[in-house]
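Participant: Pasting a structure here, questions to come.
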Amino acid sequence: MNHHTQVGIIGAGPSGLLLAQLLHTQGINSVVLENRPRQRVESRQRAGLLEQNTVDRLRQAGATDRLDREGLVHDGVILSYNGHRHRIDLAHLTGGSRVTIYAQTEVVKDLIQLRLHEDEQSILFEAEATAIDGLDGYAPAIHYTHQGENHTLICDFVAGCDGFHGIARQAIPAHLTTTYDKVYPYCWLGILAKVPPSTDELIYAYHDRGFALHSMRSPEISRLYVQCDVTDTLDDWPDERIWAELQLRLGTAGWTLAEGPILEKTITPMRSFVSEPMQFGRLFLAGDSAHIVPPTGAKGLNMAVADTGYLFDALMRWYQAGSSLELDAYTAGCMRRVWRVQEFSNFMTDMLHRDSTKSSFDAHLQASRFNQLVNSEAASTVIAENYVGLAASWATGVTGSEHGQSTTFHA
Ligand code: APR
Ligand code: PHB
Numbered sequence: 077m078n079h080h081t082q083v084g085i086i087g088a089g090p091s092g093l094l095l096a097q098l099l100h101t102q103g104i105n106s107v108v109l110e111n112r113p114r115q116r117v118e119s120r121q122r123a124g125l126l127e128q129n130t131v132d133r134l135r136q137a138g139a140t141d142r143l144d145r146e147g148l149v150h151d152g153v154i155l156s157y158n159g160h161r162h163r164i165d166l167a168h169l170t171g172g173s174r175v176t177i178y179a180q181t182e183v184v185k186d187l188i189q190l191r192l193h194e195d196e197q198s199i200l201f202e203a204e205a206t207a208i209d210g211l212d213g214y215a216p217a218i219h220y221t222h223q224g225e226n227h228t229l230i231c232d233f234v235a236g237c238d239g240f241h242g243i244a245r246q247a248i249p250a251h252l253t254t255t256y257d258k259v260y261p262y263c264w265l266g267i268l269a270k271v272p273p274s275t276d277e278l279i280y281a282y283h284d285r286g287f288a289l290h291s292m293r294s295p296e297i298s299r300l301y302v303q304c305d306v307t308d309t310l311d312d313w314p315d316e317r318i319w320a321e322l323q324l325r326l327g328t329a330g331w332t333l334a335e336g337p338i339l340e341k342t343i344t345p346m347r348s349f350v351s352e353p354m355q356f357g358r359l360f361l362a363g364d365s366a367h368i369v370p371p372t373g374a375k376g377l378n379m380a381v382a383d384t385g386y387l388f389d390a391l392m393r394w395y396q397a398g399s400s401l402e403l404d405a406y407t408a409g410c411m412r413r414v415w416r417v418q419e420f421s422n423f424m425t426d427m428l429h430r431d432s433t434k435s436s437f438d439a440h441l442q443a444s445r446f447n448q449l450v451n452s453e454a455a456s457t458v459i460a461e462n463y464v465g466l467a468a469s470w471a472t473g474v475t476g477s478e479h480g481q482s483t484t485f486h487a
């Protein structure tokens with residue numbers, strides 16, 4: 077079967093779902109093709125920290141009813157070095173910005189419910205995109221299989237929101253593509269535990285035994301992570317070992333970590349990746365299909381939402397004003413922010429993890445970064461500004477330079 081929509085979207089992760097819902101608010105129709113079943117998409121555990129920019133975009137999409145009720149707003153975050161804690165007062169250092177703790181899985185559930193409530197044909201689950209063609213013309217096509225049959229979705233634009241393993245990035249000719257990649261020599265083992273959080277604010281801990289993070293999902297459920305080796309499997313980490321390491325790595329005088337039943341355990345590899353360009357003809361990549369970050373700082377979802385917001389604004393300029401200026405500037409408009417977030421995620425990762433491949437010189441530099449944080453409000457401010465999310469000027473390619481000049485440096 078051949079059918080038509082204005083924007084064909086591959087992938088029902090946060091990027092694809094948010095784009096579909098934003099377009100819907102402006103009367104632009106779309107179809108989301110998702111190769112997994114709905115239940116699978118709604119149960120994948122990911123990070124859970126939303127920047128204000130992200131909350132604002134979700135609000136624009138009308139997707140914040142539950143977030144406003146259940147999201148936990150945090151004014152600060154704690155960094156710990158071998159048990160010595162340093163609080164970064166996000167609100168004070170950034171002139172009032174905060175972060176909201178609300179799981180990506182819940183964002184995805186909210187967007188799916190909203191979209192299907194308005195149009196139950198707008199997301200096709202178990203629909204696998206297999207090829208994209210016609211990208212250099214006016215009517216690109218996505219070929220996909222659904223319920224054992226082949227179909228073609230003809231559209232004005234294709235949004236490649238299909239994550240790191242999707243097909244959209246591969247549709248850009250290899251000779252036009254440059255990729256940048258870094259794999260870290262450690263992983264995160266993450267748990268969901270049925271125990272009230274032992275902290276009001278997130279704790280990121282460097283310890284000589286390795287990194288640990290205390291996050292949360294709700295007043296009843298804690299989310300915790302410990303650094304583990306790349307060769308480790310879940311069998312290497314019985315519950316008792318996980319709690320023992322968390323107690324040691326997060327511990328500080330006069331504080332104990334409450335333990336509870338572990339509901340879920342996963343191991344996540346750590347990687348930084350960027351692929352350029354993010355556009356080819358009428359194909360636009362957003363989110364993990366174009367770039368991934370290590371999870372320290374929880375920027376993956378926030379970057380995906382920032383790309384999607386930019387793409388939505390650019391598409392609306394095209395549909396409402398006939399201008400392709402923003403669409404043509406899509407890669408450049410995203411990249412300055414993407415690299416800033418890459419640098420921040422890499423900085424947080426490097427500062428907080430134990431890396432046995434590091435020289436003792438580099439290990440001293442790592443410790444010195446903490447000393448600077450504790451002693452310099454300026455150093456804490458840089459972390460706070462990046463952590464709560466970049467100012468809007470980073471999303472448009474325009475800088476806040478005093479003289480009104482754009483200053484973008486390229487490698
Ligand atoms: N056809 C249809 N759907 C596909 C295909 C395909 N060929 N390939 C992949 N998909 C789907 C995946 O099943 C997944 O649901 O695309 C979706 C991509 O979603 P995400 O991986 O969540 O990517 P994105 O929406 O960009 O969100 C980025 O999610 O992975 C986290 O840490 C990441 O927080 C970040 C966020
Ligand atoms: C999470 O809650 O899963 C989380 C929070 C902050 C991070 C990473 C993950 O930096």
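In this text, residue positions in the sequence shown follow this note's numbering: the first is 77, and each later residue adds one.
Think of the CB as a built atom: it goes at the ideal place given N, C-alpha and C, for glycine as much as any other residue.
1. Over the uninterrupted alpha helix (DSSP H) stretch that includes L333, give me the two end residues.
2. Would you say L310 and A288 are within 8 Å of each other, going by their C-beta atoms?
3. For R325 and V306, I'd like the C-alpha separation in whole angstroms.
4. Below 8 Å, how does it come out for the region 129-145 and the region 220-230: are there three or more Cβ pairs, yes or no?
5. Buried or exposed: T332, going by 16 or more other Cβ atoms within 10 Å of its Cβ?
6. Given R489, which residues of its chain have a CB within under 8 Å of its CB, disregarding the five upstream and five downstream residues?
7. With distances taken Cα to Cα, identify the nearest neighbour of M292 among V83, Q180, Q189.
8. Kindly indicate which residue of N422, L109, R358, A250 has the alpha-carbon position closest to the one of V234.
9. Output the distance between the C-alpha atoms of I177 and R299, rounded to the nearest integer angstrom.
10. Just the C-alpha distance for G373 and Q418, rounded to the nearest angstrom, thanks.
11. Is A380 a contact residue of the ligand APR, with contact defined as CB to any heavy atom under 7 Å?
12. Check whether the Cβ atoms of A382 and R413 sit closer than 8 Å, and answer yes or no.
13. Cβ of I248 versus every heavy atom of the ligand APR: is any distance shorter than 7 Å?
14. By the 10 Å Cβ neighbour count, where 16 or more other Cβ atoms means buried, how is E503 classified, buried or exposed?
15. According to DSSP, is G87 part of a helix, a strand, or is it coil?
16. With respect to 7 Å, is the separation between the Cβ of P90 and the closest non-hydrogen atom of the ligand APR below this value?
17. Quick one: give me the first and last residue of the beta strand (DSSP E) that A215 is part of.
18. Can you give the Cα-Cα distance for A88 and E196, rounded to whole angstroms?
19. For V153, name the three-state secondary structure that DSSP assigns.
20. Grouping DSSP H, G and I as helix and E and B as strand, with all else coil, what is G473?
21. According to DSSP, simplified to helix, strand and coil, what is G266?
22. Starting from the Cα of W106, find the closest Cα among F388, F446, A443 and give me that residue.
23. Just to check, is the beta-carbon of L125 closer than 7 Å to a non-hydrogen atom of the ligand PHB?
24. For P337, count the other beta carbons within 10 Å of its own beta carbon; 16 or more makes it buried, fewer makes it exposed. Which is it?
25. Indicate the three-state DSSP secondary structure (helix, strand or coil) for I243 in the structure shown.
26. Please identify the residue among F423, I318, A123 whose C-alpha is closest to the C-alpha of Q303.
27. One question on the structure: do S351 and A334 come within less than 8 Å of each other, judged by their Cβ atoms?
28. Could you give the DSSP three-state label for Q115: helix, strand or coil?
29. Residues in its own chain within less than 8 Å of I284 by CB, not counting five upstream and five downstream?
30. For P273, verify whether its CB is less than 7 Å away from any heavy atom of the ligand PHB.
31. For Q481, does the count of other Cβ atoms within 10 angstroms reach 16, so buried, or fall short, so exposed?
Facilitator: This is what the structure gives:
1. First-last for L333: undefined, no H or E at that position.
2. no
3. 19 Å
4. no
5. exposed
6. The structure shown does not extend to residue 489, since the chain is modelled only from 77 to 487, so the question has no answer here.
7. Q180
8. Residue R358 is the option with its Cα nearest to V234.
9. 11 Å
10. 11 Å
11. yes
12. yes
13. Taking non-hydrogen atoms of the ligand APR into account, the C-beta of I248 is found less than 7 Å away from none of them.
14. With the chain represented from 77 up to 487, any question about residue 503 goes unanswered, as that position is not in the structure.
15. Looking at G87 - three-state DSSP - the assignment turns out to be coil, as it is neither helix nor strand.
16. yes
17. No residue range can be given for A215, since it is assigned to no beta strand (DSSP E) and is classified by DSSP as neither H nor E.
18. 14 Å
19. Of the three classes helix, strand and coil, the one that applies to V153 here is strand, per DSSP.
20. Low confidence applies here, because G473 scores a pLDDT of 49, under 50, leaving its location unreliable and the question unanswered by this model.
21. strand
22. What sits at residue 106 in the sequence shown is Ser, not Trp. It is F388.
23. Within the cutoff, so yes.
24. exposed
25. Of the three classes helix, strand and coil, the one that applies to I243 here is coil, per DSSP.
26. Relative to the Cα of Q303, the nearest Cα in the group F423, I318, A123 belongs to I318.
27. Not a contact, by the Cβ cut-off of 8 Å.
28. helix
29. Reading off the sequence, residue 284 comes out as Asp, not Ile. Scanning its chain for C-beta atoms nearer than 8 Å, with the 5 sequence neighbours on each side dropped, one finds around D284 the residues N158, R430, in chain order.
30. no
31. Unreliable positioning characterises Q481 in this predicted model, as indicated by a pLDDT of 47, which lies under 50. A coordinate reading is not provided.
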